[in-house]
Amino acid sequence: MSISLDTRLVRTAGNWVSRHNVDILRISLGLIFLGFGLLKFFPGASPAEALVARTVDALTFGMIDGRNAVLMTAGLETFIGLTLITGLLLRTGLLVLAVSLGGIMAPLVLFFTDLFPGGTPTIEGQYVLKDIVLAAAALVIASRAFNLDGSQYRQPSRSDMIKAA
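Here is the structure:
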């Protein structure tokens, strides 16, 4: 009886995860972006603050200074996170994320020797490397949101949001 119950529980959980896997990934990615974005609103709270300022400074040829660069990034990441978590304006959030990926990955090209001195990654290098996984997750979510995988994504309605709360 115990084995049967365990098997049924595993099968039920597995079926639920199979039905909701992209939503789980979307919400998880949203929480990461929201968390990282919110940290950047508070000076000194984000370990990536200096890297963000340096990257945006290089990409904009100094037109956007350090603190403004960090605040701009904070706003973008927070927006992306909220769209991923709620599913509202999801396609817009994914497009903003796609454009942002250039800046997110830029340190790999701009500051490679600083991020990987002697061939091993610094903490900042590890921070940038994890962004590759975030980009891959975004591709999976985008394939569903833009119906590239043949499935149908439905934007949550107001009643869906009320039911979820």
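Mapping to my numbering: the sequence shown position 135 is 166, numbers consecutive.
Even glycine gets a Cβ: it sits at the ideal position worked out from N, Cα and C.
This structure is a prediction, so every number in the text was calculated from the model and none was measured.
For residue i versus residue j, is the C-beta spacing smaller than 7 Å?
| i | j | result |
| --- | --- | --- |
| I55 | I116 | no |
| I135 | D96 | no |
| A168 | L60 | yes |
| A105 | G75 | no |
| L107 | S77 | no |
| T153 | L160 | no |
Go to residue i, then tell me how far its alpha helix (DSSP H) extends in each direction, as first and last residue.
| i | result |
| --- | --- |
| P148 | Careful: P148 lies outside any alpha helix (DSSP H) and carries neither H nor E. |
| G124 | 121–141 |
| D88 | 80–90 |
| I111 | 97–117 |
| A168 | 154–176 |
Rounded to whole angstroms, what is the Cα-Cα separation between residue i and residue j?
| i | j | result |
| --- | --- | --- |
| F176 | L119 | Correcting the residue identity first, residue 176 is Ala in this sequence and not Phe. For A176 and L119, the distance between alpha carbons rounds to 11 Å. |
| M32 | N46 | For M32, the predicted structure reports a pLDDT of 47, less than 50, and the residue's modelled location is therefore unreliable. A value from the coordinates is still provided. Each residue's alpha carbon lies about 21 Å from the other. |
| Y158 | A89 | 19 Å |
| G133 | G156 | 16 Å |
| L23 | L170 | No answer is possible for residue 23: the residues shown for the chain start at 32 and end at 196. |
| T91 | R50 | 43 Å |
| T38 | F110 | 41 Å |
| V48 | L40 | 12 Å |
| V164 | V53 | 15 Å |
| A44 | M94 | 51 Å |
| T151 | F73 | 30 Å |
| P148 | R42 | 47 Å |
| L121 | S35 | 40 Å |
| L102 | T123 | 20 Å |
| I172 | V127 | 14 Å |
Could you tell me which of the options sits nearest to residue i, measuring between CA atoms?
| i | options | result |
| --- | --- | --- |
| A100 | G61, I163, K71, G133 | K71 |
| A129 | A166, T153, P148, G149 | A166 |
| T86 | R39, R98, R122 | R98 |
| S174 | S77, S131, L125 | L125 |
Exercise. Is it true that the region 71–87 meets the region 137–145, where meeting means three or more beta-carbon pairs spaced less than 8 Å apart?
Worked result: yes
Exercise. Given 8 Å as the limit, is there contact between the region 60–70 and the region 108–115, that is, 3 or more CB pairs closer than that?
Worked result: yes
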